[in-house]
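Structure first, then comments.
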Amino acid sequence: MRLPVFSLIALGLSGTAHGQEISFRLPVACDIGRTCFIQHYVDHDPTPEARDHQCGTLTYDGHDGIDIRVPTMAAQRAGVDVVAAADGRVLRTRDGMEDISVAGRGRVTVENLECGNGAVVDHGNGWQSQYCHMAKGSLRVKPGDAVKAGDKIGQVGLSGATEFPHLHFTVRKDGQVVDPFTSGPATQACGMKPPASLWEPLTLQNLGYQAGSVLNKGFAPGPVTMKAIESGAAEQDVPTAKSPALVAFVRAIGLKGGDVQILTLFNPDGQPVARNEAPPLDRDKAQWMMFAGLKQPRGGFRPGLYRAVYRVVREGSPVIEQAFGITLKP
């Protein structure tokens, strides 16, 4: 997504690596892969197609930044800090836009305000970073403020042109978009050798490319909806041995066309008691929910540990596998 905020965006990719001229830390105070996830990377394909820095599909046409999302609206409401990725001085800010999904109000309502509540920080020597979709009333900086890397700027929100709570983070050099994963444009030999990076070494260690991730997982006492997962309600409704049903659910992101998903529920003896194998996906999916479960047997569920295993098979090989469990008490 191109985000024309404060008349600063000029989409383009730098043609040279910038070495160690600048380095960035993660701009969200979260644990990648556990409390936050990268949903989209920078689009490196100049055509109407889309390609991330690993020649993968975790982006879309014209996307000029990195989307770092939190797993639920409950997590967003609890507060997740957005921090300065490097030392600098605040150039521009916007606050006051409501945290409302654009899916419900339409993109025309945020025309020319796509970034939502945001900030731009100047790092000197032509470098700038932009922070978008922050929560209303959360900004803690104003134009002219000096910030150090790690200083709080605001909090992750749902303002502007977005359908899920996340920070859209963009880096520019002399007005041109630069991907911090590569210091510039992707090469044709994607993934053949580690590219240059603008991330601090410790940050980079935690940002390994994931071709899909499990965003949410858990157990519920009945049918599960995407709305309940997104709100966080599904993770709060914990089943017991007397619940009407035991349902394992997952929501995954970054799936590709042709992926086969299998979710299996096992009883305390390790025997499979429910299994859901979805048909191969017809196309790439930004996110996908599935569940497997069974109704309460006569007399209730047997107390003990119930496990679920979610597996994604891509071109004949497993690319995601995650197990999780719950202990049902009498």
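Sequential numbering of the sequence shown, starting at 14, is according to my numbering. Beta carbons: idealized from backbone N, C-alpha and C, even for Gly.
Practice task
Whole angstroms is fine: what's the gap from E365's alpha carbon to S196's?
Solution key: With the chain covering 14 to 343 only, the question about residue 365 has no answer from this structure.
Practice task
Spell out a yes or no on whether the region 295-305 and the region 251-271 are touching, meaning 3 or more CB-CB pairs, one atom from each, closer than 8 Å.
Solution key: Taking a cut-off of 8 Å for Cβ pairs, the region 295-305 and the region 251-271 touch, as three or more such pairs fall below it.
Handout entry: Extent of the continuous beta strand (DSSP E) to which T183 belongs
Key = On the sequence shown, position 170 is the one that residue 183 refers to. Residues H179 to K186.
Exercise for the section: Could you tell me the distance, in whole angstroms, from the CA atom of A299 to the CA atom of K186? Expected result: Position 286 of the sequence shown, counted from the first residue, corresponds to residue 299. Position 173 of the sequence shown, counted from the first residue, corresponds to residue 186. Straight through space, the alpha carbons of K186 and A299 are spaced by roughly 29 Å.
Practice task
Just the C-alpha distance for P59 and C128, rounded to the nearest angstrom, thanks.
Solution key: If you number the sequence shown from 1, residue 59 lands on position 46. If you number the sequence shown from 1, residue 128 lands on position 115. Roughly 22 Å between the two C-alpha positions.
Problem - Beta-carbon proximity list for K149, same chain, < 8 Å, skipping 5 on both sides - result: Reading the sequence shown from its first residue, position 136 is the one you call residue 149. D108, G109, M110, E111, D112, N130, G170 and S172.
Exercise for the section: Measure the CB-CB distance between A132 and L39 and report whether it falls below 9 Å. Expected result: As a position in the sequence shown, residue 132 is number 119, starting the count at 1. As a position in the sequence shown, residue 39 is number 26, starting the count at 1. Note that the C-beta distance between A132 and L39 is not below 9 Å.
Exercise for the section: Using only alpha-carbon positions, find the residue among T253, V134 and E334 that is nearest to Q274. Expected result: Against the sequence shown, residue 274 aligns to sequence position 261. Looking at the Cα atoms, E334 is the closest of the given residues.
Handout entry: Unbroken alpha helix (DSSP H) run spanning G117, endpoints
Key = In the sequence shown, the residue the question calls residue 117 occupies position 104. Per DSSP, the continuous alpha helix (DSSP H) segment holding G117 begins and ends at V115 to R118.
Exercise for the section: Sort P292, I79 and G117 by Cα distance to S142 and report the nearest one. Expected result: On the sequence shown, position 129 is the one that residue 142 refers to. Nearest of P292, I79 and G117 to S142, Cα basis: I79.
Exercise for the section: Using the Cα positions of L276 and F50, report the straight-line distance between them to the nearest angstrom. Expected result: Taking the first residue of the sequence shown as 1, we reach residue 276 at position 263. Taking the first residue of the sequence shown as 1, we reach residue 50 at position 37. Straight-line spacing of the CA atoms in L276 and F50 works out to 21 Å.
Practice task
Measure from the alpha carbon of E328 to the alpha carbon of each residue in P293, P281 and A42, then state which is nearest.
Solution key: Working through the sequence shown from its first residue, we reach residue 328 at position 315. Per the Cα distances, P293.
Exercise for the section: Taking 9 Å as the cut-off, decide whether the C-beta atoms of N138 and I35 are in contact. Expected result: As a first step, residue 138 is located in the sequence shown; it is residue number 125 there, counting from the start. As a first step, residue 35 is located in the sequence shown; it is residue number 22 there, counting from the start. Cβ atoms of N138 and I35: closer than 9 Å.
Handout entry: Three-state class that DSSP yields for T216 in the structure shown
Key = Numbered from 1 along the sequence shown, position 203 holds the residue referred to as residue 216. Three-state result, T216: helix.
Handout entry: Residue of S244, V115, H179 and L152 minimising C-alpha distance to G167
Key = As a position in the sequence shown, residue 167 is number 154, starting the count at 1. Ranking S244, V115, H179 and L152 by Cα distance to G167 puts L152 first.
Practice task
Excluding the 5 residues preceding and the 5 following H181 in the sequence, name in chain order all residues of the same chain whose CB lies nearer than 6 Å to its CB.
Solution key: By 1-based counting over the sequence shown, the position of residue 181 is 168. Cβ within range, chain order: G78, D80, C145 and H146.
Exercise for the section: Report the three-state DSSP secondary structure of Q249 (helix, strand or coil). Expected result: Here residue 249 corresponds to residue number 236 of the sequence shown, with the count starting at 1. Taken through DSSP and simplified to helix, strand or coil, Q249 comes out as helix.
Exercise for the section: Can you check DSSP and say which residues form a bridge with L268? Expected result: Numbered from 1 along the sequence shown, position 255 holds the residue referred to as residue 268. BP columns for L268 point to K298.
Practice task
Name the two residues that bound the continuous beta strand (DSSP E) containing Q274.
Solution key: Along the sequence shown, one-based indexing puts residue 274 at 261. In the DSSP assignment, Q274 falls within the beta strand (DSSP E) that extends over V273 to F279.
Practice task
Quick one: residues in its chain with C-beta nearer than 6 Å to the C-beta of T216, no 5 flanking neighbours on either side, listed in chain order?
Solution key: Looking up residue 216 in the sequence shown gives position 203. Non-local beta-carbon contacts of T216 in its own chain, meaning distances under 6 Å to residues more than five positions away in sequence, involve R38 and L39 in chain order.
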